[in-house]
Amino acid sequence: MVLFGYEDLTDAVAAIEALGADQELDERRKALLNDPVMVVTRESGLRSIHVLSEEMAFVAPAEHDLDLVASDDATTCSIVVLIGYGIVGVAHLDSPQQMSFFLKKWETLTSAAPTTLTSAAPTSVAIAGGYDDERGIAHPISVDILQALLSSEAAYQVQEFVTSKWNTTQTEEGFSCRVQEGSDIFLRKRNFAVWSSRLMPAYRWCH
Numbered sequence: 001m002v003l004f005g006y007e008d009l010t011d012a013v014a015a016i017e018a019l020g021a022d023q024e025l026d027e028r029r030k031a032l033l034n035d036p037v038m039v040v041t042r043e044s045g046l047r048s049i050h051v052l053s054e055e056m057a058f059v060a061p062a063e064h065d066l067d068l069v070a071s072d073d074a075t076t077c078s079i080v081v082l083i084g085y086g087i088v089g090v091a092h093l094d095s096p097q098q099m100s101f102f103l104k105k106w107e108t109l110t111s112a113a114p115t116t117l118t119s120a121a122p123t124s125v126a127i128a129g130g131y132d133d134e135r136g137i138a139h140p141i142s143v144d145i146l147q148a149l150l151s152s153e154a155a156y157q158v159q160e161f162v163t164s165k166w167n168t169t170q171t172e173e174g175f176s177c178r179v180q181e182g183s184d185i186f187l188r189k190r191n192f193a194v195w196s197s198r199l200m201p202a203y204r205w206c207h
């Protein structure tokens, strides 16, 4: 397995800490969280795929003529987006073991496993949600996501990382709460081979 830039890591908790401390990811995270809220309505005219809790989707945007792939309302859940091979995958994960299923579907669909950095570019990954809640529900999900990536034979590169303590703030009463609750990938110019898309900090779907 290769987690691009962290090839020597085998422990999921260590991977979470390393990704959280990464300077480039930190700059992207700050820029992301400073972005304005994006509200999408039916009247917007955007062609989109939106997944709810425990759902996942795989799309070829150029073939399906899509503008937006998204999910929202992530609390202890995590939203994971994969981009590569002209395909976008998005999953809203609310329990451990779901990431392995999502990843197996992705790797079957893209024929990405096994691969090496020399034979194919790594799949781009965005992870958002899963704040440090008092009940400890989110942490096992975050660990499971990284462990699934570390255990895969395919190559992955984390491009956005807004989860765990890096997606947590404190209220005046001292309670933990999430910073980011939704994510979307705006499919710019139908360019899916590279990470030219963008995560939004507070995507919301309004019926």
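Note that the UniProt record's numbering has the sequence shown beginning at 1, numbered continuously upward.
Glycine included, every Cβ here is placed at the ideal spot set by N, Cα and C.
Buried/exposed call for residue i, threshold 16 Cβ in 10 Å
{"i": "R42", "result": "exposed"}
{"i": "T76", "result": "buried"}
{"i": "R29", "result": "buried"}
{"i": "D8", "result": "exposed"}
{"i": "F101", "result": "exposed"}
{"i": "Q98", "result": "buried"}
{"i": "I16", "result": "buried"}
{"i": "P61", "result": "buried"}
{"i": "G130", "result": "buried"}
{"i": "L117", "result": "Confidence in L117 is poor, its pLDDT being 37 and thus under 50, which makes the residue's placement unreliable; the coordinate value appears in the next sentence. So L117 ends up on the exposed side."}
{"i": "Y6", "result": "buried"}
{"i": "A31", "result": "exposed"}
{"i": "E160", "result": "buried"}
{"i": "V194", "result": "Here V194 scores only 30 on pLDDT, less than 50, and its place in the model should not be relied on; the value that follows carries that caveat. So V194 ends up on the exposed side."}
Cβ distance (whole Å) where residue i is taken to contact residue j below 8 Å
{"i": "L146", "j": "A21", "result": "With a Cβ gap of about 14 Å, L146 and A21 do not count as contacting."}
{"i": "L3", "j": "L150", "result": "6 Å"}
{"i": "T168", "j": "S142", "result": "About 11 Å separates the two Cβ atoms, so there is no contact after all."}
{"i": "A121", "j": "S78", "result": "Not really, about 24 Å apart at Cβ, beyond 8 Å."}
{"i": "L19", "j": "L25", "result": "6 Å"}
{"i": "S48", "j": "V40", "result": "7 Å"}
{"i": "D132", "j": "A138", "result": "7 Å"}
{"i": "E107", "j": "S152", "result": "7 Å"}
Residue nearest to residue i in terms of C-alpha spacing, selected from the options
{"i": "A91", "options": "E7, D144, M56", "result": "M56"}
{"i": "H50", "options": "I141, A62, P36, D67", "result": "D67"}
{"i": "V88", "options": "S100, S95, K105", "result": "K105"}
{"i": "G84", "options": "Q97, Q98, H64, L109", "result": "L109"}
{"i": "D94", "options": "V69, P61, P140, A121", "result": "P140"}
{"i": "V125", "options": "E17, A155, P36", "result": "A155"}
{"i": "T123", "options": "V158, T10, E173", "result": "V158"}
{"i": "E63", "options": "G5, G86, T10", "result": "G86"}
{"i": "L134", "options": "K165, Q23, L82", "result": "Looking at the sequence itself, residue 134 is Glu, so the reference to Leu does not match. When each option's Cα is compared against that of E134, the closest is K165."}
{"i": "L46", "options": "E27, V69, P36, D35", "result": "V69"}
{"i": "F58", "options": "L82, D65, A74, P36", "result": "L82"}
{"i": "A148", "options": "D65, E27, P96, D73", "result": "P96"}
Secondary structure, alpha helix (DSSP H): runs of 4+ residues fully inside the segment 2–60: 12–21, 23–33
Scan the segment 87–131 and note each continuous alpha helix (DSSP H) run of 4 residues or more that stays entirely inside, going in chain order. 98–110
3-residue-minimum beta strand (DSSP E) runs that sit fully inside the segment 58–86, ordered along the chain: 68–71, 78–84
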